[in-house]
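To keep things clear, I will list the structure first and then write my remarks on it.
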Amino acid sequence: MRFSILTLNPGFFRGALDEGMIRIAREKGLLEVALVPIRDFTDDRYGTTDDYPYGGGAGMVMKAQPILRAYESVRRETPGKPPRTLVTSPQGRTLTQRWARELAEEPEIAVLCGRYKGIDERVIPLLGAEEISIGDYVLSGGEPAAIVILDALARLIPGVLGDAESAEADSFSEPLLDAPVYTRPEDIESRRVPDVLLSGDHERIRIWRRREALRRTWLKRPDLLLGRKLSDEDQSLLDEIKKEEGR
Ligand code: 9D3
Numbered sequence: 001m002r003f004s005i006l007t008l009n010p011g012f013f014r015g016a017l018d019e020g021m022i023r024i025a026r027e028k029g030l031l032e033v034a035l036v037p038i039r040d041f042t043d044d045r046y047g048t049t050d051d052y053p054y055g056g057g058a059g060m061v062m063k064a065q066p067i068l069r070a071y072e073s074v075r076r077e078t079p080g081k082p083p084r085t086l087v088t089s090p091q092g093r094t095l096t097q098r099w100a101r102e103l104a105e106e107p108e109i110a111v112l113c114g115r116y117k118g119i120d121e122r123v124i125p126l127l128g129a130e131e132i133s134i135g136d137y138v139l140s141g142g143e144p145a146a147i148v149i150l151d152a153l154a155r156l157i158p159g160v161l162g163d164a165e166s167a168e169a170d171s172f173s174e175p176l177l178d179a180p181v182y183t184r185p186e187d188i189e190s191r192r193v194p195d196v197l198l199s200g201d202h203e204r205i206r207i208w209r210r211r212e213a214l215r216r217t218w219l220k221r222p223d224l225l226l227g228r229k230l231s232d233e234d235q236s237l238l239d240e241i242k243k244e245e246g247r
């Protein structure tokens, strides 16, 4: 996948691109990230990227021209089919795991990071872009959203994760919270690791983990269980949990 980031603030991404899953995907040659500094595509000597909003009001608006020129430079890099183009925006459709899985299949994505009060509205249809939000809280701009999107997609690109991890990643299509995990030592200020995890009985451990995953989901994210068909095993584990939790 080629992932182009059009931004007024390329410095934001340095570091993030060289760590974690994004770095692994890049090192494996499965992901290429291109930072496109919008300021490089301004046409006046001051490098003006924003201007006052028509109709007045507070805040500045990102100008269309530098963005359109930056986008043309992306198109020149990989002629052919246009990239799937996203614009970060609080007005966007919220990124979900389902949408991330779909986007991870694209060979080329361009993300335009919004800043200031917003982007000249005409840019969106001109780029054939989809607006994307990462959730209902206020960021100061689209750059952190672009990193979140890239991280979510990078780990879904085929070959980035090992087989075991990919199998686990798939199981988000079956969204349950994780069971608690522990590592050494066995005792920390009298808080002990649950005995079952030290038992070596893999079947008991599997069932315990499943029960605790269901318990946490039931207690912390009951919305994830609503309208979901449970296996007979899950249903009887959940019945036990409800009894234990007195609900
Ligand atoms: C709808 C919010 N606006 C009300 C006046 C103000 C505003 C808040 C935050 C305008 C721009 C921004 C900057 N946010 C983003 O660019 C952004 C964002 C976010 O704030 N939350 C979640 N996802 C995203 S993607 C881009």
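Count the sequence shown with full-length UniProt numbering and you get residues 1 to 247, in order. Cβ atoms here follow ideal geometry from the backbone N, Cα and C, with glycine treated the same way.
Cβ of residue i within 6 Å of any heavy atom in ligand 1?
i      : result
Gly142 : yes
Val138 : yes
Gly114 : yes
Ala110 : no
Ser73  : no
Ser4   : no
Ile38  : no
Thr88  : yes
Ala145 : yes
Ile124 : no
Write down the C-beta distance between residue i and residue j rounded to the nearest angstrom, noting that I regard them as a contact closer than 8 Å.
i      : j      : result
Ala213 : Asp178 : 6 Å
Val160 : Ile24  : 6 Å
Met62  : Tyr137 : Not a contact, Cβ separation roughly 21 Å.
Glu102 : Ala34  : No, Glu102 and Ala34 are not in contact; Cβ-Cβ is about 21 Å, not under 8 Å.
Gly92  : Ile132 : 4 Å
Arg210 : Leu237 : 6 Å
Tell me which residues share the same chain as residue i and place their Cβ nearer than 7 Å to its Cβ, disregarding the 5 neighbours each side in the sequence.
i      : result
Leu197 : Tyr182 and Ile205
Arg215 : Ile241
Tyr54  : none
Ala129 : Thr85, Leu86, Val87 and Leu112
By Cβ distance below 6 Å, which residues in the same chain neighbour residue i in space, the five residues on each side in sequence not counted?
i           : result
residue 248 : With the chain represented from 1 up to 247, any question about residue 248 goes unanswered, as that position is not in the structure.
Ala104      : Leu153, Leu156 and Ile157
DSSP three-state label for residue i, please.
i      : result
Ile241 : helix
Asp187 : strand
Arg192 : strand
Arg84  : strand
Ile157 : coil
Ala213 : helix
Which residue spans inside the segment 2-80 form an unbroken alpha helix (DSSP H) run of at least 4?
20-27 and 64-77
At 3 residues or longer, and completely inside the segment 87-151: list those beta strand (DSSP E) runs for me, N to C.
Taking only runs of at least 3 residues, the beta strand (DSSP E) segments lying wholly in the segment 87-151 are 108-112 and 130-133.
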